[in-house]
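Written out below as structure tokens is the structure these notes cover.
Numbering (this note's numbering), first residue to last: 23 to 189.
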């Protein structure tokens with residue numbers, strides 16, 4: 023792999039320097055990849071939670087309608103008025119709608135809880151990848167600097183000997 027490189031230092035420094043560049047590249051790629059995928063995953067989570075909130079508000083609206091209808095019936099019975107069959111049919115229809123919406127809400131609640139858990143896991147993943155990427159980049163940079171400096175020291179030694187021998 024390294025034989026095609028014609029650098030003037032031996033394989034150890036070549037390996038250390040190349041390893042440093044590789045680790046830095048992996049660390050930077052992880053940060054870049056996370057920056058692309060995380061917003062998409064968070065938007066899916068947000069969308070799921072918003073659908074659940076919308077469904078709950080629809081169920082609450084129907085429950086308020088039922089409450090108002092029941093209050094109307096209660097007021098009518100207190101004043102001694104008879105309740106007609108259409109009012110009772112309206113109550114039965116409203117109860118059926120509420121039951122259907124409530125079941126939808128329960129199903130969506132499970133999806134919302136999964137989305138919240140996924141969001142928590144995503145936040146943990148971001149923190150872990152951030153730390154690992156930083157460490158990889160840092161270690162890679164240090165290895166690159168170490169390999170480069172050692173190569174410079176090695177290439178400078180013959181020049182120093184030549185200068186001393188001339189004096």
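Yeah, the Cβ is synthetic: ideal placement off N, Cα and C, and Gly gets one too.
Compute the distance between the beta-carbons of residue i and residue j, then report whether it is under 7 Å.
i           : j           : result
residue 38  : residue 162 : no
residue 140 : residue 58  : no
residue 77  : residue 126 : yes
residue 159 : residue 42  : no
residue 120 : residue 84  : yes
residue 81  : residue 115 : no
residue 91  : residue 113 : yes
Whole angstroms is fine: what's the gap from residue i's alpha carbon to residue j's?
i           : j           : result
residue 133 : residue 150 : 25 Å
residue 74  : residue 146 : 24 Å
residue 65  : residue 154 : 25 Å
residue 130 : residue 138 : 12 Å
residue 173 : residue 44  : 18 Å
residue 46  : residue 36  : 15 Å
residue 110 : residue 87  : 14 Å
residue 70  : residue 136 : 9 Å
residue 167 : residue 40  : 11 Å
residue 55  : residue 165 : 23 Å
residue 152 : residue 144 : 12 Å
residue 30  : residue 177 : Here the model assigns residue 30 a pLDDT of 49, short of 50, so the residue's position is not dependable and the matter cannot be decided.
Legend entry - Unbroken stretches of the alpha helix (DSSP H), 4 residues or longer, contained in the stretch 41-124: none
Inset, instruction - Go through the stretch 124-154 residue by residue and report every complete run of the alpha helix (DSSP H) that reaches 4 residues or more, in order. - result: none
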